[in-house]
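J.:
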Amino acid sequence: MKKILNILFFLFLISCETVPVSERKQLILFPDSYINKQSVQAYQQFLNKANVVSKSNDQNKELQTIARNIEEAIHQYFVLENKSDPTKKYNWEINLVREDQVNAWAMPGGKIVFYTKILKIAENENGIATIMAHEMAHVVGRHGNERMSQALLINVATSVAQTATGTTLQGEAKTAYNLLRTYGIFLPFGRKQEAESDYLGLVFMTIAGYDPDETIKLWERMAKYTKEKGGAPPEFMNTHPSSENRIKNFKKWIPEVRNKYSAAKHNYFFKE
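Here the sequence shown stands for residues 3 to 274, where the numbers follow our numbering.
1) Measuring alpha carbon to alpha carbon, tell me which of A225, G111 and Y201 ends up nearest S35.
2) Kindly indicate the opening and closing residues of the beta strand (DSSP E) around K113.
3) Report the rounded CA-to-CA distance for A1 versus I249, giving the unit in angstroms.
4) In whole angstroms, give me the CA-to-CA distance for S264 and I68.
5) Am I right that L65 and I96 are in contact with their C-beta atoms under 8 Å? What's the rounded C-beta distance?
6) If we ignore side chains and look at the alpha-carbon of each, how far apart do N84 and A75 end up?
7) With a threshold of 8 Å, are at least 3 pairs of Cβ atoms found where one atom belongs to the region 209-223 and the other to the region 87-96?
8) Indicate the three-state DSSP secondary structure (helix, strand or coil) for I96 in the structure shown.
9) Less than 8 Å between the beta carbons of M138 and F80, yes or no?
10) Under 8 Å by Cβ, that's how I've got G203 and A135 pegged, so tell me the actual separation to the nearest angstrom.
11) For the beta strand (DSSP E) holding A106, just list the boundary residues, first then last.
12) So what does DSSP say about K57, is it helix, strand or coil?
13) The alpha helix (DSSP H) spanning N38 covers which residue range?
14) Quick one: is P277 buried, meaning 16 or more other Cβ sit within 10 Å of its Cβ, or exposed?
15) Can you grab the Cα-Cα spacing for the pair P33 / K51, in whole Å?
16) Mind checking whether A106 and Y117 have CB atoms under 8 Å apart?
17) Would a C-beta distance cut-off of 8 Å place V307 and Q61 closer than the cut-off?
18) Can you say whether K253 is buried or exposed, counting buried as having 16 or more other CB atoms within 10 angstroms of its CB?
19) Rank S41, E198, N126 and E258 by C-alpha distance to the C-alpha of M109 and give the top, closest one.
20) Below 8 Å CB to CB, which residues in the same chain sit around H77 once its five sequence neighbours on both sides are set aside?
21) Rounding to the nearest angstrom, what Cα-Cα distance links G192 and V142 in this structure?
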């Protein structure tokens with residue numbers, strides 16, 4: 003048993019990589035090529051069953067324009083920071099789905115979905131850019147691969163423990179395990195990823211020329227929406243930090259980001 007645990011610990015150590023922007027250490031067990039291939043398949047399966055809005059729709063056109071601007075800003079960021087750009091190989095795809103949910107999500111490799119209802123809270127192009135940059139930051143940070151890697155490591159460790167002891171987790175032990183897995187591992191990592199995407203998204207949208215102050219206004223609207231719905235958070239916020247905490251973070255970050263990156267787009271093109 004000890005030997006097996008040592009192997010798992012070694013696997014954990016050699017699989018720790020660095021987020022390409024924030025320098026945070028993260029667990030990556032899957033090749034990006036594999037994850038991205040699986041992502042394309044899952045994304046297409048979702049679209050086949052979803053009520054996808056036509057590309058000729060004005061709201062969808064606006065989404066595509068904002069996504070292109072943020073994508074260009076991401077490339078500019080890596081040039082400005084003199085870092086290798088891992089996103090050049092991404093095939094970004096953004097779809098708008100007609101759904102009565104306040105939600106948007108991203109998959110590895112650049113597959114993103116916006117639900118129409120979230121656009122009502124976004125209100126304007128700066129609000130949309132806030133959400134778009136946040137979702138694209140999840141992709142840049144390889145958060146999907148990281149979450150899958152965490153889940154795999156937990157499942158392998160559990161299987162090894164059950165095999166070694168000849169037992170299975172039952173009753174209270176299983177409940178305790180699930181609570182530990184949820185609150186001890188997934189949510190802390192999830193919150194780190196969300197905060198990371200909030201910050202990186204703020205940087206990307208600022209470079210793209212959008213108003214960073216809109217991040218605060220957006221989360222104030224999210225908080226108002228939550229209050230009006232009786233305190234139940236929308237789907238977009240289920241695993242996210244509270245609106246109040248996000249607003250505090252953005253108030254702290256905006257002066258720094260604006261000072262460092264607000265002229266980045268002009269300077270980038272001037273250099274070219």
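Note that beta-carbon positions come from the ideal geometry of N, C-alpha and C, so glycine has one too. In this text, all values refer to a predicted model and were calculated from it rather than measured experimentally.
T.: Taking the structure as given:
1) Along the sequence shown, one-based indexing puts residue 35 at 33. Taking only the C-alpha atoms, the option nearest S35 is G111.
2) In the sequence shown, counting from the first residue as 1, residue 113 sits at position 111. Going by DSSP, K113 is part of the beta strand (DSSP E) stretching over K113 to Y117.
3) With the chain running from 3 to 274 in the structure shown, residue 1 is simply not present.
4) Position 262 of the sequence shown, counted from the first residue, corresponds to residue 264. Position 66 of the sequence shown, counted from the first residue, corresponds to residue 68. Distance between the alpha carbons of S264 and I68 is about 17 Å.
5) Counting from 1 along the sequence shown, the entry for residue 65 is found at position 63. Counting from 1 along the sequence shown, the entry for residue 96 is found at position 94. The beta-carbon distance between L65 and I96, rounded to whole angstroms, is 6 Å. This is short enough to meet the 8 Å contact definition.
6) Position 82 of the sequence shown holds residue 84. Position 73 of the sequence shown holds residue 75. Spanning the alpha carbons of N84 and A75 requires a straight line of approximately 14 Å.
7) With a cut-off of 8 Å on Cβ pairs, the region 209-223 is not in contact with the region 87-96, counting fewer than three such pairs.
8) Stepping through the sequence shown from its first residue, residue 96 is reached at position 94. If DSSP states are grouped into helix, strand and coil, I96 belongs with the strands.
9) In the sequence shown, residue 138 corresponds to position 136, counting from 1. In the sequence shown, residue 80 corresponds to position 78, counting from 1. Not closer than 8 Å, so no.
10) In the sequence shown, residue 203 corresponds to position 201, counting from 1. In the sequence shown, residue 135 corresponds to position 133, counting from 1. With a Cβ gap of about 4 Å, G203 and A135 count as contacting.
11) Locating residue 106 in the sequence shown gives position 104, where the first residue counts as 1. Membership of A106 in the beta strand (DSSP E) is indicated by the continuous run A106 to M109.
12) Position 55 of the sequence shown holds residue 57. Under the three-state reduction of DSSP, K57 is assigned to coil, being neither helix nor strand.
13) If you number the sequence shown from 1, residue 38 lands on position 36. Counting along the chain, the alpha helix (DSSP H) containing N38 begins and ends at D34 to K51.
14) No information on residue 277 is available, as it lies outside the stretch 3 to 274 that the chain covers here.
15) Residue mapping note: residue 33 aligns to position 31 of the sequence shown, counting from 1. Residue mapping note: residue 51 aligns to position 49 of the sequence shown, counting from 1. Cα to Cα, P33 sits roughly 28 Å from K51.
16) Walking along the sequence shown from the start, residue 106 turns up at place 104. Walking along the sequence shown from the start, residue 117 turns up at place 115. A106 is a Cβ neighbour of Y117, given a cutoff of 8 Å.
17) With the chain covering only 3 through 274, there is no way to say anything about residue 307.
18) By one-based count along the sequence shown, residue 253 stands at place 251. Only exposed fits K253, as fewer than 16 other CB atoms lie within 10 angstroms of its CB.
19) The residue you call residue 109 lines up with position 107 of the sequence shown. For M109, the nearest C-alpha among the options comes from S41.
20) Translated into positions along the sequence shown, residue 77 becomes position 75. Closer than 8 Å at Cβ, skipping near neighbours: D87, T89 and K90.
21) Taking the first residue of the sequence shown as position 1, residue 192 is located at position 190. Taking the first residue of the sequence shown as position 1, residue 142 is located at position 140. Taking the straight line from one Cα to the other gives about 15 Å.
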